[in-house]
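Chemist: One structure follows; several queries about it will come next.
Protein chains: 2
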Amino acid sequence: MAEYSISQLSKEFDVTTRTIRHYEELDLLMPARRGQTRVYSAADRIRLKLILRGKRLGLSLDDSRDIIDMYEPGKTNVDQLKKLIDAIQAQRTKLNQQLDDITNLLKDLNQAESDCIESLKTNGQK
Amino acid sequence: MAEYSISQLSKEFDVTTRTIRHYEELDLLMPARRGQTRVYSAADRIRLKLILRGKRLGLSLDDSRDIIDMYEPGKTNVDQLKKLIDAIQAQRTKLNQQLDDITNLLKDLNQAESDCIESLKTNGQK
DNA sequence: CCTTACCTTTACGTTAACGTAAACTATTTG
DNA sequence: CAAATAGTTTACGTTAACGTAAAGGTAAGG
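Here the protein sequences line up with chains A and B, keeping their order. Residue numbers for the first sequence follow the numbering used here, so the first one is 215 and each next one is one higher. Residue numbers for the second sequence follow the numbering used here, so the first one is 215 and each next one is one higher.
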């Protein structure tokens with residue numbers, strides 16, 4: 215039954231209120247209102263969290279909305295479900311590619327680092 | 215001793231020639247010239263590959279340039295090397311965060327998928 | 001020699017994801 | 001009660017990463 219103000223969320227996740235409102239403009243968030251003022255539920259907070267995770271993974275906001283909507287079952291018909299499964303598979307492929315990229319980059323970074331350290335040993339003594 | 219034309223690379227990596235020239239404008243690539251025409255070396259090709267990997271990971275082109283330059287040793291002094299090690303550590307932190315994000319997203323996708331399939335079984339029979 | 005296929009530079013256009021500022025309202029606090 | 005604090009809408013501005021179009025150079029082939 216938790217409630218959050220826009221500035222609370224903005225501080226918790228280190229984004230501006232403008233950013234949060236922007237997500238609402240794009241229909242990624244739809245908080246309740248008390249009068250004019252936005253009131254965010256626990257579910258809203260989770261959605262924001264998912265959006266930001268998507269961002270870290272380089273997803274567009276549109277993509278994030280689609281993915282997040284996957285988690286919400288209900289009112290979808292059979293055709294939609296089949297399309298969802300396809301979309302999920304596509305996402306999985308992309309993520310596995312990213313996993314691959316990351317392990318390679320980490321390997322490269324390790325290599326670069328030991329080169330650096332090596333170079334410091336040899337070179338840093340003069 | 216391999217050489218590549220801009221359109222060859224464009225086809226191999228499925229990007230436009232405009233994109234490749236754009237990377238040159240931002241000093242991420244510096245191919246040789248034969249007359250006016252760009253001639254890409256094997257090393258240039260690798261750089262392009264690394265740039266595109268960075269893109270898939272959501273890096274900015276500026277970040278990519280910095281990271282790629284880490285791999286090239288040589289003319290760096292001790293202070294630069296120390297800064298490089300710091301930068302490498304920062305990158306590693308970010309990548310580990312991404313790894314975490316990805317495993318979580320994959321878990322979510324698996325969950326969403328089995329929900330879908332379940333829903334198809336129950337719901338798809340009428 | 002003319003068309004086709006690549007290559008070039010220059011320069012303005014576009015999209016996503018916000019930033020920033022203005023102008024206003026409502027509530028709390030010294 | 002005045003000022004500070006937090007909220008609102010509206011709307012124009014900005015940056016990154018190219019897209020797109022114009023105008024032209026060069027070399028091979030029928």
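Glycine is no exception: its CB is placed at the ideal position from the N, C-alpha and C atoms.
1) Let's see if you can read the secondary structure: which residues bound the alpha helix (DSSP H) around A/Ser-224?
2) Using 8 Å as the threshold, is the C-beta distance between A/Leu-275 and A/Tyr-237 below it?
3) Let me check understanding here. Comparing Cα to Cα, which of A/Leu-271, A/Ile-331, A/Ser-221 and A/Asn-324 lies closest to A/Gln-311?
4) Using the Cβ count rule (16 or more neighbours within 10 Å means buried), how would you classify B/Met-244?
5) Spatial neighbours of B/Leu-240 within its chain, please: C-beta separation below 6 Å, excluding the five flanking residues on both sides.
6) From what residue to what residue does the beta strand (DSSP E) around A/Ser-255 run?
7) Please work out which residues of its chain come closer than 8 Å, Cβ to Cβ, to B/Ser-333, disregarding the five sequence neighbours upstream and downstream, and give them in chain order.
8) Which of the three DSSP states, helix, strand or coil, is assigned to B/Gln-339?
9) Here's the rule I'm using: 16 or more other beta-carbon atoms within 10 Å means buried, otherwise exposed. How should B/Glu-327 be labelled?
10) To the nearest angstrom, report how far apart A/Arg-259 and A/Leu-223 are at their CA atoms.
11) In chain B, which residues lie less than 9 Å from A/Tyr-285 when you measure between Cβ atoms?
12) Relative to chain A, which residues along the segment 251–272 of chain B have a C-beta separation below 9 Å, given in chain order?
Modeler: Once the coordinates are examined:
1) By one-based count along the first sequence, residue 224 of chain A stands at place 10. For A/Ser-224, the enclosing alpha helix (DSSP H) stretches over residues 220–227.
2) For the purposes of this step, residue 275 of chain A is identified with residue 61 of the first sequence, where counting begins at 1. For the purposes of this step, residue 237 of chain A is identified with residue 23 of the first sequence, where counting begins at 1. Using a Cβ distance threshold of 8 Å, A/Leu-275 and A/Tyr-237 count as a contacting pair.
3) Position 97 of the first sequence, counted from the first residue, corresponds to residue 311 of chain A. Nearest option by C-alpha distance: A/Leu-271.
4) Numbered from 1 along the second sequence, position 30 holds the residue referred to as residue 244 of chain B. Burial call: exposed.
5) Translated into the one-based positions of the second sequence, residue 240 of chain B becomes position 26. So the list reads Leu-275, once near-sequence residues are dropped.
6) Working through the first sequence from its first residue, we reach residue 255 of chain A at position 41. Note, A/Ser-255: beta strand (DSSP E), 251–255.
7) Residue numbering aside, residue 333 of chain B sits at position 119 when the second sequence is read from its first letter. Cβ neighbours of B/Ser-333 beyond the five flanking positions: none.
8) Locating residue 339 of chain B in the second sequence gives position 125, where the first residue counts as 1. Low per-residue confidence applies at B/Gln-339: pLDDT is 49, beneath 50, and the placement is therefore not dependable enough to give any value.
9) As a first step, residue 327 of chain B must be located in the second sequence, where it is residue number 113. Buried is the call here.
10) Walking along the first sequence from the start, residue 259 of chain A turns up at place 45. Walking along the first sequence from the start, residue 223 of chain A turns up at place 9. If you take the alpha carbons of A/Arg-259 and A/Leu-223, they lie about 7 Å apart.
11) Mapped onto the first sequence, residue 285 of chain A falls at position 71. Result: Asp-322, Gln-325, Ala-326 and Asp-329.
12) Leu-264, Arg-267, Gly-268, Lys-269, Arg-270, Leu-271 and Gly-272
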